[in-house]
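Notes for the one structure printed next.
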Amino acid sequence: MNITKTLDAKGFACPMPIVRTKKAMDSIESGEVLEVLVTDKGALNDFTAWSAASGHTILEQKEEVGVLYFYIQKA
Amino acid sequence: MSNKVAIIASNGGLFDAYKVFNIATAAAASEKEVAIFFTFEGLNLIHKQGMQALEMPVGKEHFAEGFAKAQVPPIPQLVEMAQELGVKFIACQMTMDVMGLTTADFVEGIEVGGAVTFLEYAKDASPTLTF
């Protein structure tokens, strides 16, 4: 996977991970992939809901030592 | 499906501010059109000085530590972010008149309107939320 940009939103509480992700998505082009790192547990459900609302696609997600990684492709 | 979210902010404490601006910024970041109608004590949330010193509910002051630990942004920062994301602020004219306030007392970029302004906006919004 070709990652265009990485956003480190670790330590931030809702709604900041989503707000920062939205802003980062605005800065990349359609088809490009944003990597987001979050520790907010609410993000698991929030990112799924957000991708449905925004139309962007979560290509992959994983959890490693308490950090959630999302790979989101811009619509 | 509606892409509009309508919010009424009618209380003026710190917790109220977070309830309002968290939902508003989350909605705006999810590509929704968002407007907040600030009425009565809710006007405090966008008052230039008032928003700098919003109070915690009595007996809940110990949550200050939790706010800092969770890296929750201060309210003025959330207000700025909401506006940056395109959230529309409508201040209630009637309450402003009662309280002797003018647009100069509030953050830049607000609109002033009456109940009908909000109702017209909210008629096809889903959800409409009241705080």
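Line by line, the protein sequences give chains A and B.
Under my numbering, the residue at position 10 of the first sequence is numbered 10, and the numbers go up by one with no gaps.
Under my numbering, the residue at position 7 of the second sequence is numbered 7, and the numbers go up by one with no gaps.
Glycine included, each C-beta is placed from N, C-alpha and C at the ideal position.
Residue i: contacting residues in chain B (beta-carbon distance under 8 Å)
i	result
residue 31 of chain A	Simply none; closest approach about 18 Å.
Secondary structure of residue i, DSSP reduced to three states
i	result
residue 40 of chain A	coil
residue 6 of chain A	strand
residue 108 of chain B	coil
residue 57 of chain A	strand
residue 129 of chain B	strand
residue 90 of chain B	strand
residue 66 of chain A	coil
residue 35 of chain B	strand
residue 113 of chain B	strand
residue 58 of chain B	coil
residue 122 of chain B	helix
residue 8 of chain B	strand
residue 52 of chain B	helix
Cross-chain neighbours of residue i in chain A, by beta carbon under 9 Å
i	result
residue 71 of chain B	11, 12, 13 and 16
Interface residues of chain B facing residue i [CB-CB closer than 9 Å]
i	result
residue 54 of chain A	29, 30 and 31
Distance between residue j and residue i (C-alpha atoms, nearest Å)
i	j	result
residue 105 of chain B	residue 56 of chain B	22 Å
residue 13 of chain A	residue 96 of chain B	33 Å
residue 59 of chain A	residue 51 of chain A	11 Å
residue 112 of chain B	residue 92 of chain B	6 Å
residue 34 of chain A	residue 9 of chain A	12 Å
residue 117 of chain B	residue 78 of chain B	24 Å
residue 69 of chain A	residue 94 of chain B	48 Å
residue 75 of chain B	residue 125 of chain B	25 Å
residue 129 of chain B	residue 35 of chain B	11 Å
residue 72 of chain A	residue 56 of chain A	7 Å
Contacts of residue i in chain A (Cβ-Cβ under 7 Å)
i	result
residue 25 of chain B	15 and 19
residue 81 of chain B	19
Beta carbon proximity, residue i to chain B, threshold 9 Å
i	result
residue 43 of chain A	no
Proximal chain B residues relative to residue i, where beta-carbon distance stays under 7 Å
i	result
residue 22 of chain A	29
Beta carbon proximity, residue i to chain A, threshold 9 Å
i	result
residue 45 of chain B	no
residue 56 of chain B	no
residue 85 of chain B	yes
Chain-ordered neighbours of residue i on chain A, where CB pairs are closer than 8 Å
i	result
residue 22 of chain B	14 and 15
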